[in-house]
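Q: Numbering (our numbering), first residue to last: 86 to 542.
Virtual Cβ for every residue (Gly too), placed ideally from N, Cα, C.
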Amino acid sequence: MAEETSDKRSETTLDEVVAVCKRRGFIFPSSEIYGGVGSTYDYGHYGVLLRNNVKAEWWRAMLTDRDDIVALDSAIIQHPKVWEASGHLEGFSDPLVECKVCKKRFREDKLDLGECGKKPSKKPGEGPDCDLGEARDFNLMFKTQVGPVADSGSDAYLRPETAQGIFINFKNVVQFSRKKPPFGIAQIGKSFRNEITTGNFIFRTREFEQMEMEFFCPPDEASKWHQHWLDERMRWYTELGIRGENLILRPHDEDELSHYSSATSDIEYLFPMGYSELEGIANRGDFDLTQHATHSGEKLEYFDQQSGERYVPHVIEPAAGVDRATLAFIVDAYWTEEVEGRQRTVLSLHPKLAPVKVAVLPLVNKEGMDVRAREIFEGLRRRIGAEFDAKGAIGKRYRRQDEIGTPWCITIDGDTLSDDTVTLRDRDSLEQARVPVEGLADELLRRLEEPWVSPRA
Ligand code: GAP
């Protein structure tokens, strides 16, 4: 579970991030025309493209770049016994306290209690007058009913993590993939938690998407693979442009460990509210397979027919949030500067994450420039994520592309019509170069594959 762990703050404020996301149509509060619904968000056009790129990069790291991981897509509603076996029904709860005065509810473990142990000494209460009742365990799972009759036999839950869908498919995957440990099963999907306290924009919401991979290995290799996944996951974030100085790896203290974990380290990012969990990498031992074997009566173990070896694999789990990673990428990419007396806001996203890779802009919307620009755009769009924008002054169009994180703009001007070259403008350095139209897509694709470092590093 995410913890905010330090007083240090990112130089970008949450207000700035929320404003640019709204202004440029990345993310909107859900059900806004009805006044919103607690901490649920909708993604607009550029938000969808950015999130898709985050997920595609995760799949690339899990599947394309390796041959020891396979994909899975399990159901959101699973047999209720899954949550009994996993320990979620019993233990997936936070301590809830209610204030007798303001009637607000808080997570007790997130409050800075005063000496009497009852009054919060500072916000998030309504002030020092809060009078908190006793804490009680509040289960975070969303309960629902399956079928037309609402009785206790129809109780079901929206999954609070994607991981259990992987464990209950262990047998299927081993049978059909013919993988033997060490190997992993990866999944991206929605999870739901009735969080007591939400907030900080898309950092903690009740509906969110997870990217989880369960890596099954021989028990005596678990520590080695745990270290491997700590290194790999840190590398994933830094290669996608997150500045190393904004990331830390924090091992959990003994009393923080989840019921299933013998060792967990969190990758924490310096969010506007301080260092907070971005991803957890846990050594889950044989807890889950053993629990599901006991509760289902199915043998969930690995048997090597050649050697006659039989064991319950241990599991290493890198568990990340799509929305939280997206927030971290935006925060890390956001900066402003003054150019010729005007403020320029830039999202210096890694080009692979940028919603649009190249914007095609006719200098003016006439004299044949618009027609040629459209032709060039049609040639590019099937090979690389491109956008055509002919509306408004060229300066304003550049600023708009900077704000949505487009790494390259190409401008079609009068010279293009005579020598078939265009101006290629770089989002971060503002450098402009004259390049031929011929080979433009190849040149951009080449740049896309180059190692990339944030201009803010
Ligand atoms: N299977 C292990 C597991 O679910 P977790 O630390 O509770 O572990 C993993 O969740 C990741 O999922 C977190 O690091 C975070 O990125 C994301 N996550 C968890 N709860 C979230 C929430 N309420 N809103 C957004 N993301 C969340």
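When you compare only the Cα positions, how much space is there between leucine 385 and glycine 172?
A: Translated into the one-based positions of the sequence shown, residue 385 becomes position 300. Translated into the one-based positions of the sequence shown, residue 172 becomes position 87. Going by the C-alpha atoms only, they are around 17 Å apart.
Q: Here's a check: name, in chain order, each residue in its chain whose Cβ is nearer than 7 Å to the Cβ of isoleucine 333, leaving out the five neighbours to either side.
A: Here residue 333 corresponds to residue number 248 of the sequence shown, with the count starting at 1. Glu353, Tyr360.
Q: Start and end of the beta strand (DSSP E) containing methionine 296?
A: Looking up residue 296 in the sequence shown gives position 211. Counting along the chain, the beta strand (DSSP E) containing methionine 296 begins and ends at 292-302.
Q: Is aspartate 408 near the ligand GAP, in the sense that its beta carbon is under 8 Å from a heavy atom of that ligand?
A: The count along the sequence shown starts at 1 and reaches residue 408 at position 323. Checking every heavy atom of the ligand GAP against the Cβ of aspartate 408, one is found closer than 8 Å.
Q: Which of the three DSSP states is assigned to asparagine 450 in this structure?
A: Position 365 of the sequence shown, counted from the start, is the residue given in the question as residue 450. Here asparagine 450 sits in coil by DSSP.
Q: Hey, could you find the ends of the beta strand (DSSP E) aspartate 372 is sitting in?
A: In the sequence shown, the residue the question calls residue 372 occupies position 287. Residue identity check: residue 372 is phenylalanine in the sequence provided, not aspartate. Here phenylalanine 372 belongs to no beta strand (DSSP E); instead the alpha helix (DSSP H) covers 372-381.
Q: In chain order, what residues of the same chain lie with their CB nearer than 7 Å to the CB of valine 369, ignoring the 5 residues before and after it?
A: Taking the sequence shown and counting its residues from 1, the one referred to as residue 369 is at position 284. Residue identity differs from the one stated: residue 369 is arginine in this sequence, not valine. Cβ neighbours of arginine 369 beyond the five flanking positions: Tyr345, Ser346, Val400, Glu402.
Q: Within this structure, are the beta carbons of proline 114 and tyrosine 126 separated by less than 9 Å?
A: Position 29 of the sequence shown, counted from the first residue, corresponds to residue 114. Position 41 of the sequence shown, counted from the first residue, corresponds to residue 126. In contact: proline 114 and tyrosine 126 (Cβ atoms closer than 9 Å).
Q: Sorted by chain position, which residues of the same chain lie with C-beta nearer than 6 Å to threonine 430's C-beta, five sequence neighbours on each side aside?
A: As a first step, residue 430 is located in the sequence shown; it is residue number 345 there, counting from the start. Here the set comprises Thr421, Glu488.
Q: Using CA coordinates, which residue listed in Phe293, Gln260, Asp513, Pro165 is at the minimum distance from glutamine 230?
A: Taking the sequence shown and counting its residues from 1, the one referred to as residue 230 is at position 145. Considering only alpha carbons, the answer is Pro165.
Q: Per DSSP, which residues does tyrosine 131 bridge with? Please list them.
A: Counting from one through the sequence shown, the residue named residue 131 turns up at place 46. Paired residue(s): none; tyrosine 131 is not in a bridge.
Q: For tryptophan 537, which three-state DSSP category applies?
A: Within the sequence shown, the letter at position 452 stands for residue 537. Coil.
Q: Glutamine 390 to aspartate 150, Cα distance in whole Å?
A: Start at 1 with the first residue of the sequence shown, and residue 390 comes out as number 305. Start at 1 with the first residue of the sequence shown, and residue 150 comes out as number 65. Approximately 29 Å between the Cα atoms of the pair.
Q: Name the residue from Val449, Glu463, Gly120, Glu341 whose alpha carbon lies nearest to the alpha carbon of aspartate 500.
A: Here the question's residue 500 lines up with position 415 in the sequence shown. Minimum Cα distance to aspartate 500 is reached at Val449.
Q: If you measure from the CB of isoleucine 287, is any heavy atom of the ligand GAP nearer than 8 Å?
A: Here residue 287 corresponds to residue number 202 of the sequence shown, with the count starting at 1. Relative to the non-hydrogen atoms of the ligand GAP, the Cβ of isoleucine 287 comes within a distance shorter than 8 Å of at least one.
Q: Report yes if the C-beta distance between proline 540 and serine 392 is below 9 Å; otherwise report no.
A: By 1-based counting over the sequence shown, the position of residue 540 is 455. By 1-based counting over the sequence shown, the position of residue 392 is 307. No, they are not a contact pair.
Q: Specify the secondary structure class of asparagine 368 as computed by DSSP and reduced to three states.
A: On the sequence shown, position 283 is the one that residue 368 refers to. Here asparagine 368 sits in strand by DSSP.
Q: Taking Cβ to Cβ, would you say asparagine 254 is nearer than 9 Å to proline 440?
A: One-based indexing of the sequence shown puts residue 254 at position 169. One-based indexing of the sequence shown puts residue 440 at position 355. In this structure, proline 440 does not lie closer than 9 Å to asparagine 254 by Cβ.
Q: Would you give the residue range spanned by the beta strand (DSSP E) that lysine 544 belongs to?
A: Here the chain covers residues 86 to 542 and nothing more, so residue 544 does not appear.
Q: If you follow the beta strand (DSSP E) that arginine 484 is part of, which residue opens it and which one closes it?
A: Within the sequence shown, numbered from 1, the residue matching residue 484 stands at position 399. Counting along the chain, arginine 484 falls outside any beta strand (DSSP E), though it belongs to the alpha helix (DSSP H) covering 479-489.
Q: Starting from alanine 542, trace the alpha helix (DSSP H) both ways and give me its first and last residue.
A: Stepping through the sequence shown from its first residue, residue 542 is reached at position 457. Looking at the DSSP string, alanine 542 is not in any alpha helix (DSSP H), and its letter there is neither H nor E.
Q: Regarding leucine 174 and the ligand GAP, is the C-beta to nearest heavy atom distance less than 8 Å?
A: Stepping through the sequence shown from its first residue, residue 174 is reached at position 89. Checking every heavy atom of the ligand GAP against the Cβ of leucine 174, none is found closer than 8 Å.
Q: Taking only runs that begin and end inside the region 211-279, name each unbroken alpha helix (DSSP H) of 4 or more residues, in chain order.
A: Counting only runs of 4 or more, we get 248-252, 255-262.
Q: Looking at the structure shown, is isoleucine 495 part of a helix, part of a strand, or coil, going by DSSP?
A: Indexing the sequence shown from 1 puts residue 495 at position 410. It is a strand residue.
Q: Only counting the same chain, and skipping five residues up and downstream in sequence, which positions put a Cβ closer than 6 Å to that of histidine 380?
A: As a working note, residue 380 is residue 295 in the sequence shown. Sequence-distant partners of histidine 380 (beyond 5 residues in either direction) whose C-beta falls short of 6 Å from its own C-beta, in its chain, are Lys166, Ala170.
Q: Can you say whether isoleucine 162 is buried or exposed, counting buried as having 16 or more other CB atoms within 10 angstroms of its CB?
A: Locating residue 162 in the sequence shown gives position 77, where the first residue counts as 1. Taking all protein chains shown into account, isoleucine 162 has fewer than 16 neighbouring C-beta atoms within 10 Å of its C-beta and is therefore exposed.
Q: From glutamate 364 to glutamate 452, what distance separates their C-alpha atoms?
A: Taking the first residue of the sequence shown as position 1, residue 364 is located at position 279. Taking the first residue of the sequence shown as position 1, residue 452 is located at position 367. Distance between the alpha carbons of glutamate 364 and glutamate 452 is about 53 Å.
Q: Which class does glutamate 523 belong to by DSSP, given the choice of helix, strand or coil?
A: Reading the sequence shown from its first residue, position 438 is the one you call residue 523. Glutamate 523 falls in the coil class under three-state DSSP.
Q: For lysine 93, name the three-state secondary structure that DSSP assigns.
A: To locate residue 93, count along the sequence shown from 1; it is residue 8. Coil.
Q: I need the DSSP call for glycine 172, collapsed to helix, strand or coil.
A: Counting from 1 along the sequence shown, the entry for residue 172 is found at position 87. Reduced to three states, the DSSP call for glycine 172 is coil.
Q: When you compare the CB of serine 115 with every CB in chain D, is at least one pair closer than 9 Å?
A: Given the protein chain composition of this structure (a single chain), no chain D is represented.
Q: Compute every distance between the C-beta of leucine 342 and the non-hydrogen atoms of the ligand GAP, then say whether any falls below 8 Å.
A: What you label residue 342 is simply residue 257 of the sequence shown in a count that begins at 1. Leucine 342 Cβ: outside cutoff for every heavy atom of the ligand GAP.
Q: Starting from the Cα of arginine 94, find the closest Cα among Ile469, Pro357, Lys442 and give me that residue.
A: Position 9 of the sequence shown holds residue 94. Measuring from the Cα of arginine 94, the nearest candidate turns out to be Pro357.
Q: Going by beta carbon distance, what residues of the same chain come within less than 8 Å of isoleucine 154, once the five residues before and after it are set aside?
A: On the sequence shown, position 69 is the one that residue 154 refers to. The residues are Met147, Leu148, Phe268, Gly269, Ile270, Ala271, Met298, Phe300.
Q: How many Å lie between valine 522 and valine 407 at the Cα?
A: Counted from its first residue, the sequence shown places residue 522 at position 437. Counted from its first residue, the sequence shown places residue 407 at position 322. Those two C-alpha atoms are separated by around 36 Å.
Q: I need the DSSP call for glutamate 402, collapsed to helix, strand or coil.
A: Indexing the sequence shown from 1 puts residue 402 at position 317. In the structure shown, the three-state DSSP call for glutamate 402 is strand.
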